[in-house]
Every structure is written in C-alpha cells, then in structure tokens.
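Those protein sequences? They're chains A and B, same order as listed.
FYI, the numbering used here numbers position 81 of the first sequence as 81, with every residue one higher than the one before it.
Numbers in the numbering used here are just positions in the second sequence, counted from 1, shifted up by 1000.
For glycine and all other residues, C-beta sits at the position ideal for the given N, C-alpha and C.
Note that the structure is predicted; figures quoted are calculated from it, not measured.
One structure is given here, and the rest of the page talks about it.
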Amino acid sequence: SQTIHQWPATLVQPVGSPLSLECTVEGTSNPNLYWYRQAAGRGLQLLFYSIGIDQISSEVPQNLSASRPQDRQFILSSKKLLLSDSGFYLCAWISAGAGNTIYFGEGSWLTVV
Amino acid sequence: GENVEQHPSTLSVQEGDSAVIKCTYSDSASNYFPWYKQELGKRPQLIIDIRSNVGEKKDQRIAVTLNKTAKHFSLHITETQPEDSAVYFCAAASYTGGFKTIFGAGTRLFVKA
C-alpha cells in the first residue's frame, strides 16, 4: 500500500536560519507531489507542486524553494527563514491510479522565533 | 488565478441538526471536488468527493452536490454529532500538466451536545 512520510514533525528555528523539510512516498511511482502551508487557524495554501523529477511549479512568490531529486522524494527549503514562515507544512501526493484524490502527510509544525 | 471561496467560516449547530457548507470555484477546468475534515493538530482527511459528471453523491450522513453551470458545490451533514466538530475544507482540482488542487479557506464546525 502507498504511504507518505514527512519529517521533522516539529521544529523551532530562529529568524534567518535555513530550513529543510523532507517528504517521501512509498508504494507508488511517478506521483504528483505537493507542498501546502497552513498558517494558524487558516486554510491550505499551495506552495509547490511537482509532476516529476526536477519538475517544480511554484504557486506563490516567497523565500521558500522546493526540489525533487528522486521520483518519490520532495524537499522544501529556505536559506533564511522569516517570522511569517511559521505554520503547519503538509506534503501531499496524488497517485495516477487513485484518481485525483490528494493524500496528506502527517505535517510539520514550524515555529520561527 | 484559480480561487475557491468557502462559506461560512464558522458554523455552530445543535446536535442532531443539519450543517451545510457552500463553496464556489473560478476555474472552469476543475473536474474533481473533494471535501476534507481536519481535526485539531492533524492532517486533513478525505471524507467524500464528487466528479464533474455527477450532480450529487451521498455517503451515510454526508452528501455533496455540484452545480457546474454555477460553479457551486456544497457539503451537507445530517444528524450531526459532537464528533463531527472539526474544520472542513472544500477543494477544486483540475489537470494542467499535473493535477492541481486548490482549497477553500475552511469552515470550523461546532456541534453542541
């Protein structure tokens, strides 16, 4: 069966520090992968999506970047975090064999201090 | 760009009453409309979905309706229970070189016992 793993689950980072969140999917190949951000008490904002290795689309201008070095690995990064980067980050995927349904990872709570 | 509007942002009902959440979307290419339930601190989970070739779908106490002409879709929960209390998100998905899912801002549902 397909599973998605995301880490770390929680992190507290100072302003100006770098960020790396990692996501991997198991049990499928060539998935569409996504990064969403949810600010406290807010909705789900699509940040990046990827249809294949090294194919990344950015949805909003920001100081974040995403990379997909392998088929089932998706990484969210920042060189210098801002206070406004705090939030709940969710990796997600769609399997071609599962219609258009998007499934989320467990999420990563980021607090920038 | 694509947009999904969701109303109301907060909904409070008495146990046993019905709850209705409404969404509108802007991208006429959208052809898949999932609904997610998110409990506090957890990832969103799919509860029901509807595709553009269907006008209505029901699963026990939950039903969704879709009006493609008006670009409206709604979630109906009947006989609400306290465990239905959560944040509900509607979403609209389309294929533009990859499946892209845009979420509404969410509705916080409170079911009072």
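9 Å Cβ cutoff, residue i in contact with chain B
i	result
G72 (chain A)	With the sequence shown as reference, residue 72 (chain A) is identified as Arg, and Gly is not the correct amino acid for it. No, R72 (chain A) does not count as interfacial toward chain B.
T50 (chain A)	Thr is not the amino acid found at residue 50 (chain A); the sequence shown has Ser there. Output row for S50 (chain A): interface = yes.
E22 (chain A)	no
E26 (chain A)	no
L44 (chain A)	yes
L201 (chain A)	Nothing about residue 201 (chain A) can be reported from this structure: the residues present for chain A run from 1 to 113 only.
S57 (chain A)	yes
I94 (chain A)	yes
T111 (chain A)	no
N63 (chain A)	no
T101 (chain A)	yes
G87 (chain A)	no
Cutoff 7 Å; reference residue i; Cβ partners in own chain excluding five residues on either side
i	result
L81 (chain A)	Q13, V15, G16, S17, L19, V112
S1113 (chain B)	Contrary to the premise, residue 1113 (chain B) reads as Ala rather than Ser in this sequence. Counting only Cβ-Cβ distances below 7 Å, and skipping sequence neighbours, we find E1015, P1082.
S86 (chain A)	L110, T111, V112
Residue i versus the options, residue with shortest Cα-Cα distance
i	options	result
P1008 (chain B)	B:E1015, B:V1064, B:T1024	B:T1024
T101 (chain A)	A:V60, A:P31, A:I56, A:F48	A:P31
R1061 (chain B)	B:Q1045, B:D1084, B:T1069	B:D1084
T24 (chain A)	A:T10, A:F74, A:S95	A:F74
Q55 (chain A)	A:L83, A:Q45, A:Y34, A:L46	A:Y34
N1003 (chain B)	B:S1028, B:I1077, B:T1010, B:T1069	B:S1028
S65 (chain A)	A:L44, A:A40, A:E22, A:G107	A:E22
F1110 (chain B)	B:D1059, B:T1096, B:I1077	B:I1077
R37 (chain A)	B:R1043, B:I1050, B:L1011	B:R1043
G1097 (chain B)	A:S29, A:S50, A:S77	A:S50
Residue environment, residue i, which counts as buried when at least 16 other CB atoms sit within 10 Å
i	result
R72 (chain A)	buried
V1054 (chain B)	exposed
R42 (chain A)	exposed
G52 (chain A)	exposed
G27 (chain A)	exposed
A92 (chain A)	buried
Min CB distance residue i to chain A below 9 Å
i	result
F1110 (chain B)	no
Y1025 (chain B)	no
F1073 (chain B)	no
K1116 (chain B)	It is not possible to answer for residue 1116 (chain B), since the shown part of chain B is limited to 1001 through 1113.
P1008 (chain B)	no
N1031 (chain B)	yes
K1042 (chain B)	yes
P1034 (chain B)	yes
G1016 (chain B)	no
Y1088 (chain B)	no
L1011 (chain B)	no
R1046 (chain B)	Per the sequence shown, the amino acid found at residue 1046 (chain B) is Leu instead of Arg. Closer than 9 Å: yes.
Cut-off 6 Å between Cβ atoms - residues of its own chain near residue i, not counting five sequence neighbours on either side
i	result
I1021 (chain B)	L1075, Y1088, T1107
E106 (chain A)	Q6
Spatial neighbours of residue i in its chain, beta-carbon cut-off 8 Å, leaving aside the 5 residues before and after
i	result
A1093 (chain B)	S1030, N1031, Y1032, F1033, P1034, F1099, K1100, T1101, I1102
K1068 (chain B)	S1052
G1104 (chain B)	V1004, E1005, Q1006, C1023, F1089, C1090, A1091
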